[in-house]
Structures are given as C-alpha cells and as structure tokens.
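First up is the structure itself, then whatever we jot down about it.
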Amino acid sequence: MLRTTVFLISLLSLINCYADSRTTLYDFRYWTSPEHTRIVIDVEKGIKYDIDIKNKYINLNVQNAKLLNKTFKKIFFKDKRIYKTNIRREGKVFRLFFRTKQKYIVKSYTLKPNSKYKYHRLVIDLYDKKQTKTIKKVQAPTSSDAKKSKSKRKIILIDAGHGGEDPGAIGYKKSKEKNITLQIAKKLAIKLNKTKGYRAILSRKGDYYVSLTKRVRIAQANNASLFVSVHADSVNHKSARGASVYTLSAKGGSTKFAKQLEQSQNIVDQFGGVESLIDGDKYLNEILLDFSRKDRDIQSQKLASKILIEMNKIIRLHKKEPQKAGFVVLKTPSIPSVLVETAFISNPTDERRLNDPKEQDKIAQAIYRGIINYYN
Ligand SMILES: [Zn+2]
C-alpha cells in the first residue's frame, strides 16, 4: 500500500511538473530585409531553447513546448533566405527546422513584453555574411567631402519611421504608423527622384526593422546632405491633431511633450535589440564638438521652417514653430536633419487622412516643396 502511494505521488508530481513547465509558443512572425531575415516567436517567460546550425540547416529546439492551433500554419514560411520550414516533436523537445539557401550568421535573443507586445519574444536573426562584415562605424564626413558632394546631386535620406517588428504608434482605428510612414516616404522619394539635381535614398523600402543607428549610418554611407525622418504622432487622448517638425536638441526635448515623444521614439530599439556601435552620449558629445554643429543646427531650423510653411497649406499645425527633441535619428553629424510628425494617428480625422493615398500624396508634396525651397 505504502509503495503504491509513493509510486502514485511520484507519478502525479511528474505529470504536474510536465504540465506546469510546458511553454506555449503563441505566435510566429517573419520579417525580410535586404540584409537579414528576422524570425520572432511569442513565447512564455523563461523559455528553454537552443539553436544548432548544421550546414544549411538551422534547428531550434524548445523544451516542452506547445503550439497554438491557430498559429500552427504561420510557422511554415519561405523567403529569400529560408527555403523550407519543418517541425518535429521528439519526446519533450519541439524541433523547428529551417532549411536555408546558404549559411548565415545567426543571432538569437529574447525580448521582454512592452507596450506593443504582451508576450516575451524569442528573436532569431539570419544575417547575410558579407554584409555583416562591412558594418563598421562610419566616420563623419570631412569638410572636403562636404565640398565634393555639394557640387554633385543633392542626396536626401528619406527615413520611414519604424518597420517590421516595430509598428510605431497604433491609430485610433488600429492602423499602424510603420505602414503610413513608408507610404509617404516612398511618395516623397519618387517626387525627389523625378527632380533634376536631386536623389532620394530610402532608409527602408519594405516592412522590416532598421535600427535607429543603422538609419544614421545609411545616410552617412550615401553622403546624404539632408536627413528627413517621417513619422505620425500619437497621444493618449484623441483630440490632439496636426503636424509638427522637430530638430535635434543637445539637451533633449524643449517641452514636456517633446520629452515624452523622444522617449517613445528612442526606446524603439528594444524591438530589435540595442546596437552598441554608437554609444548615445559619447556620440552626441562628438557632434557637439563638431565645429560645423552651429551651422548644422541653423540649417536644420531653416529646413524645418520651410517644411512647416508648406505643411500649413494642407493640414493644421500642431506646433507652429520647429520643436526640439533628442531623437537618435537626428544625430547625423554635419547634415541638417528633421523629423516630421505628419499628423496624429491617435486622432480619428487625422488617421483617416494618413491612410488616404491622396492625402499621403499631399503630405509628401508639402515635405517635397519644403526641401526644394530650402535649397532655393
Ligand atoms: Zn514614430
């Protein structure tokens, strides 16, 4: 009798232990960028996993995992790097196999829940080999570089805010800022590229995540002479409306509102793991030591004012004067940089406008006119 009880207790505890420690894989997302593919799995805290790479196979092994029926199909994904996805269960181990086109550099990490994602996330990045090697800290252009590029076409970096795993602000009717910013940025780039003497570079061309520091590096690597970041504003109440334009402030935001905004924009790197290539304060200090900073600030102000004048013709302004905030994306040394908050996605009327292709075109046209007027 005693032996049976002991046996039963241990059996029960085994079952319970098994049931308790089962971790749920809630959802799967994949994002393809020109340089990497990101796999994101919504998981439970304390997930036990390991990844082994064999030739063209990446195997993810998760202990005691359970899948949700509704997300089962989402596992099977193909893109230019992932050729095939398979799953297998071996005892308590759930195995996910990715057959890849070639060997990639694989990085994985977990992210905590935030305002946009309620679950912990397991992120697996597949980086193209040769492109990762070329990632290095780009030096600020020298004055002779600036002279050289002045004689050539004007290169404008158009930065569509957010992307991929980072949706940006979510609208009153649930539209995502990342989609709106990309649509406006693309329209703006087309207009600039049609204009003689101008060339637009997009920091992203699709729905994938680009870190803030990477955006700055793209501008530098392309010798851009202006940096224009496109965003849509959001606040907790739906009454705030209209456009604002920001320039970089060394001391951070000029108003409480700007400070909040800056905080929310700058923490977006938590969507993809923070890069340590550019250390925030050290980097900013370098800019402050840059003798051309004063000129750069004046030019940024001038660009912001020109854009505001044009925006005022098509949409009400939230702030009539250029605002100052310490956005990471505005920390491009030597080149005038502005961040345009095109309207409030949290306001139902503004959100409708932001989703309307004709209105997007008007906004792109206003920013375009602002840029052209700045140079004239
Ligand atoms: Zn934004």
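Under the numbering used here, the residues of the sequence shown are numbered 359 to 734, in order. We put the CB at the ideal spot given by N, CA and C, even for glycine. Source: prediction; values computed, not measured.
One Cα belongs to T553, the other to Y732, and the distance between them is close to 14 Å. Less than 9 Å divides the Cβ of K432 from the Cβ of R387. Taking C-beta separations shorter than 7 Å and ignoring five residues to either side along the sequence, the partners of D719 in its chain run K545, following chain order. Relative to the non-hydrogen atoms of ligand 1, the Cβ of A683 never comes closer than 8 Å to any of them. Within the same chain, and ignoring the five residues on either side of E668 in sequence, the residues whose Cβ sits closer than 6 Å to its Cβ are A724, R727 and G728.
DSSP places E679 in the coil class of the three-state scheme, outside both helix and strand.
With contacts defined by Cβ atoms closer than 9 Å, K461 and K487 form a contacting pair. Burial is judged here by how many other beta carbons sit within 10 angstroms of a residue's own beta carbon; T707 has fewer than 16 and is exposed. Between Y467 and D400, the CB-CB gap reaches or exceeds 9 Å. Around the Cβ of I665, a 10 Å sphere holds 16 or more other Cβ atoms; the residue is buried. The residue from S592, L560, R446 and D591 with its alpha-carbon nearest to that of A579 is L560.
For E699 against A601, the beta-carbon gap comes to about 6 Å, under 8 Å, which counts as contact. K465 is bridged by DSSP to D483.
Between V696 and I703, the alpha-carbon positions lie close to 19 Å from each other. In this chain, Y732 is not harboured by any beta strand (DSSP E); it is covered by the alpha helix (DSSP H) spanning P715 to Y733. As DSSP reads the structure, Q421 sits in a beta bridge with V451.
Residues Y407 and F452 of the same chain have their beta carbon placed closer than 6 Å to that of V420, with the five preceding and five following residues left out of the count. The beta carbon of G519 sits closer than 8 Å to at least one heavy atom of ligand 1. V574: not part of any beta strand (DSSP E); member of the alpha helix (DSSP H) spanning L570 to A579, first to last residue.
Note: E699 is bridge-paired with H589 and S602 in the DSSP secondary-structure output.
Three or more beta-carbon pairs separated by less than 8 Å are not found between the stretch 589-601 and the stretch 555-575, which leaves the two stretches without contact. In this structure, H676 has its beta carbon at no less than 8 Å from each heavy atom of ligand 1. By the neighbour-count criterion, in which a residue is buried when 16 or more other Cβ atoms sit within 10 angstroms of its Cβ, F685 is buried.
Exclusion of the five residues before and after N705 leaves Y530, K596, S597, A598 and R599 as the residues of its chain whose Cβ lies within less than 8 Å of its Cβ.
In its chain, beyond the 5 residues on either side, I703, E709, L712 and N713 have a beta carbon closer than 8 Å to the beta carbon of S533. Each of V603, L515 and G449 was checked against the Cα of N670, and the nearest Cα belongs to V603.
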